[in-house]
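The next block holds one structure in the form of C-alpha cells; read it before the comments.
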Amino acid sequence: MSFKDLKLNKPILRAIAEAGYAEPTLVQEKTIPFVLAKKDLITSAQTGTGKTAAFALPILQLLFDRQDAPKKGKKIKAMVVSPTRELAVQIGENFKTYGKYSNIRSAVIYGGIPMEPQIEILKKGVDILVVTPGRLLDLHKQELVDLKSIEILVLDEADLMLDLGFIDDVKKIERLCPVDKQVLLFSATIPFKVEELAKTILKSPERINISPDLPTASNVSQMLYYVPKKNKMELCLHLLRNTIKGSILIFRRTKHGVDKLEQTLAKNGYKVESLHGDKSQNDRKTALGKFKNNYVNILIATDLAARGIDVKDLDAVINFDLPNLPDTYVHRIGRTGRAGEIGTAYSFCAADEREYIKTIQQSINVQIPVVEDHPYPLDPKAKPEIHKKKRGSKYKKGRKGEGSKKKKKRWY
Ligand code: AMP
Numbered sequence: 002m003s004f005k006d007l008k009l010n011k012p013i014l015r016a017i018a019e020a021g022y023a024e025p026t027l028v029q030e031k032t033i034p035f036v037l038a039k040k041d042l043i044t045s046a047q048t049g050t051g052k053t054a055a056f057a058l059p060i061l062q063l064l065f066d067r068q069d070a071p072k073k074g075k076k077i078k079a080m081v082v083s084p085t086r087e088l089a090v091q092i093g094e095n096f097k098t099y100g101k102y103s104n105i106r107s108a109v110i111y112g113g114i115p116m117e118p119q120i121e122i123l124k125k126g127v128d129i130l131v132v133t134p135g136r137l138l139d140l141h142k143q144e145l146v147d148l149k150s151i152e153i154l155v156l157d158e159a160d161l162m163l164d165l166g167f168i169d170d171v172k173k174i175e176r177l178c179p180v181d182k183q184v185l186l187f188s189a190t191i192p193f194k195v196e197e198l199a200k201t202i203l204k205s206p207e208r209i210n211i212s213p214d215l216p217t218a219s220n221v222s223q224m225l226y227y228v229p230k231k232n233k234m235e236l237c238l239h240l241l242r243n244t245i246k247g248s249i250l251i252f253r254r255t256k257h258g259v260d261k262l263e264q265t266l267a268k269n270g271y272k273v274e275s276l277h278g279d280k281s282q283n284d285r286k287t288a289l290g291k292f293k294n295n296y297v298n299i300l301i302a303t304d305l306a307a308r309g310i311d312v313k314d315l316d317a318v319i320n321f322d323l324p325n326l327p328d329t330y331v332h333r334i335g336r337t338g339r340a341g342e343i344g345t346a347y348s349f350c351a352a353d354e355r356e357y358i359k360t361i362q363q364s365i366n367v368q369i370p371v372v373e374d375h376p377y378p379l380d381p382k383a384k385p386e387i388h389k390k391k392r393g394s395k396y397k398k399g400r401k402g403e404g405s406k407k408k409k410k411r412w413y
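For the sequence shown, our numbering assigns the number 2 to the initial residue and increments by one for each residue that follows.
Structure follows, in C-alpha cells:
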C-alpha cells in the first residue's frame, strides 16, 4: 500500500516524501482510514511503529479538507494530549514536518517554561494544539485557552498518562471539550485502567492492535549479560570500548544511578548526556538536542524521562539496570531498531535481578541469548549482593537525607 492509496492530499504527500517515507507503516495503514472516517479509535502500538504519523497525517488531512480551516484559524480544532514534555515537543515537530505545505498552524504547550510566549501563540490562533495536561489546565483556569471548538482529541501514550497519575486531569480535559468530538486513544499496552478510561470517553471505538504477541520489535537483537552488580560499571566500559558503537541509550532505574554513570563515563572520556526528572526543562531539551544532533553519542536516562522520545538511528540500548516490569523492557528496547533499522539491546542482569529477567522472558516469550564470554561473569549460584561497605557510609547518609528532605520528590 502507498500513502496515495490512503487518500492523503498532495501537500501532505509532498511533505511525507521529503521526510523520506516510502510507504506507510502497519499502524498507519490500519489507523489512517478510520481517522479519516471520523471514527473513535483505540490503537495499541509502541513508539517506533510510526504511530505519531498515524494520527498526525489524517488530522492534517481532515483539517485541510475543510474550506474554512485557515480562515477560522483562531479556534483550536484538534488537540493531542501527551504525558511528557519531550513527547509533546516531538509530536509538535512531526505536525510541523507533515504540515509544511498545508497552511495549518500547530503549537506545543507544556510546563516548566514561561507561559507568556505560549499565551502569545494561543492569542494568534492555532488549528492543532499539542499539550501536556498540567500546563493546559493552568491556562484553561486562567481562561487563556478555549477548548470548545475541538473536534478531534488524541490521547497519546494513555498507559503512561495513567501511570503518571494524570487520570483526573485527562478526564477533566475531555469534559472541557465538546461532547460531540472524535477521540483517538493511543497506548503501548491496554491495561485494565486504560480500558476503563476508554469506556468513559470513547464512543463505539474501532480497535487496532499493532502490538504483536511477541511485543518486542523483530529488528532488535537482544543479548543478556549476567554480571555481579559491583562490576556493571566495568562491563559497561568494556562493551563501550570493544563492542558497542554508534548512538547508545542507557537506562538506569534511578536518578542517582543516572548521575553516577554519567560522571563515570565522562571521566573515561565519553561524550555523554543524561535525562531524568530532576533536570530542568531546559537541561533536558539541551541534552536531547545534543544527542539527536550527534554532539554526544551516549544518552543515559530513567524510564519515564525517556519514554516516548524519538531518537533516530539508535544503534543500541543498554539496560544497565533491568526494569521490574516486562512492559518497561519492551518500551526500552523499542528505542532501537526503529522503522526498519537494526538495533541491539544489551541487558545487564545482577543476582538480585534474576526474577525480573525471568518474568520479562516469560512475558515476551523469548529466551534472550546469554553472552557468557565476557570479563565479569556472574557465578550462577551467586546470592544477591549486599553492599555492606556502603551501609552507614556517606552513600547511605546521602540517600537517607534525600529521603527525608525531599520526601515528595520523584525517584525516577
Ligand atoms: P513514532 O512511532 O511515531 O515515534 O515514529 C518512529 C519513527 O518512524 C520516527 O522517526 C518517524 O519519523 C519514522 N516514521 C514514521 N512513519 C514512517 C514511515 N512511513 N516510513 C519511514 N519512517 C517512518
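All C-beta atoms, glycine included, are put in the ideal place defined by N, C-alpha and C.
Quick check: the Cα distance between glutamate 19 and serine 103, rounded to an integer number of angstroms?
14 angstroms
Using the Cα positions of glutamate 152 and isoleucine 129, report the straight-line distance between them to the nearest angstrom.
10 angstroms
I'd like to confirm something about glutamine 29: is its beta-carbon nearer than 7 angstroms to some heavy atom of the ligand AMP, or not?
Yes, the ligand AMP has a heavy atom inside 7 angstroms of this Cβ.
Is aspartate 279 close to chain B, meaning its C-beta is less than 8 angstroms from at least one C-beta of that chain?
No chain B is part of this structure, which consists of one protein chain only.
Valine 82 - containing beta strand (DSSP E), residue span:
79 to 82
Hey, out of Ile110, Val221, Arg86, whose CA is closest to isoleucine 369's CA?
Val221
Under a three-way DSSP split, which group does arginine 400 fall into?
The predicted position of arginine 400 is uncertain, since its pLDDT is 32 and thus under 50; a value taken from the coordinates is nonetheless stated next. Helix, per DSSP.
Output the boundary residues of the beta strand (DSSP E) element that contains cysteine 350.
Residues 344 to 350.
Let me know if isoleucine 13 comes out buried or exposed under the rule of 16 or more other beta-carbons within 10 Å of its beta-carbon.
buried
How long is the line joining the alpha carbons of valine 81 and serine 107, rounded to whole angstroms?
11 angstroms
Whole angstroms are fine: how far does the CA of aspartate 181 sit from the CA of arginine 333?
Answer to the nearest angstrom: the Cα atoms are 37 angstroms apart.
Taking threonine 26 as the reference, which of Lys11, Ile43, Gln47 has the closest Cα?
Ranked by Cα distance from threonine 26, the first of Lys11, Ile43, Gln47 is Gln47.
For threonine 345 versus methionine 224, is the C-beta distance shorter than 8 angstroms?
yes
What distance in whole Å lies between the Cβ atoms of proline 385 and aspartate 353, which are believed to be in contact at a cut-off of 8 angstroms?
3 angstroms
Got a sec: does the ligand AMP put a non-hydrogen atom nearer than 7 angstroms to the Cβ of proline 25?
yes
Using only the alpha-carbon positions, how far apart do lysine 407 and arginine 355 sit?
For lysine 407, the predicted structure reports a pLDDT of 36, less than 50, and the residue's modelled location is therefore unreliable. The matter cannot be settled from this model.
With a CB to CB cut of under 6 angstroms and the five nearest residues on each side skipped, what residues in its chain are close to arginine 411?
Low confidence applies to arginine 411: its pLDDT is 39, below 50, so where it sits in the model is not reliable enough to give any reading.
Go ahead and label serine 281 buried or exposed: buried means 16 or more other beta carbons lie within 10 angstroms of its beta carbon, across all protein chains shown.
Around the C-beta of serine 281, fewer than 16 other C-beta atoms lie within 10 Å, and the residue is accordingly described as exposed.
Which residue's Cα is closest to the Cα of phenylalanine 167: Cys237, Val195, Pro179?
Val195
Close-in-space but distant-in-sequence residues of the same chain around leucine 236 (CB under 7 angstroms, 5 per side omitted)
Tyr226, Val228, Phe349, His375, Tyr377
What is the DSSP secondary structure of threonine 85, reduced to helix, strand or coil?
coil
Alanine 55 beta carbon less than 8 angstroms from that of threonine 44:
yes
Nearest neighbour of serine 3, chosen from Arg15, Ala23, Lys11, Asn10 [CA to CA]
Residue Ala23 is the option with its Cα nearest to serine 3.
Could you tell me the distance, in whole angstroms, from the CA atom of arginine 136 to the CA atom of isoleucine 120?
11 angstroms
Counting only the same chain and skipping the five closest in sequence on each side, list residues whose C-beta sits under 8 angstroms from that of glycine 112.
Arg86, Thr133, Gly135, Arg136, Asp139, Gln282
So, helix, strand or coil for leucine 165, using DSSP?
Looking at leucine 165 - three-state DSSP - the assignment turns out to be coil, as it is neither helix nor strand.
I'd like to know whether the C-beta atoms of aspartate 304 and threonine 287 end up nearer to each other than 8 angstroms.
no
Closer than 7 angstroms: isoleucine 99 CB and nearest the ligand AMP heavy atom:
Here residue 99 turns out to be tyrosine, not isoleucine, going by the sequence shown. For the ligand AMP, not one heavy atom lies less than 7 angstroms from the Cβ of tyrosine 99.
The alpha helix (DSSP H) enclosing alanine 55, as first and last residue numbers
Alanine 55 -> alpha helix (DSSP H) spans 52 to 66.
Alpha carbon of lysine 75 to alpha carbon of isoleucine 110, nearest angstrom
16 angstroms
Indicate whether isoleucine 209 and threonine 53 have their beta-carbon atoms separated by less than 8 angstroms.
no
Leucine 148 and isoleucine 202 look like a contact to me (Cβ under 8 angstroms); what is the Cβ gap, rounded to whole Å?
Leucine 148 to isoleucine 202, Cβ: 14 angstroms. No contact.
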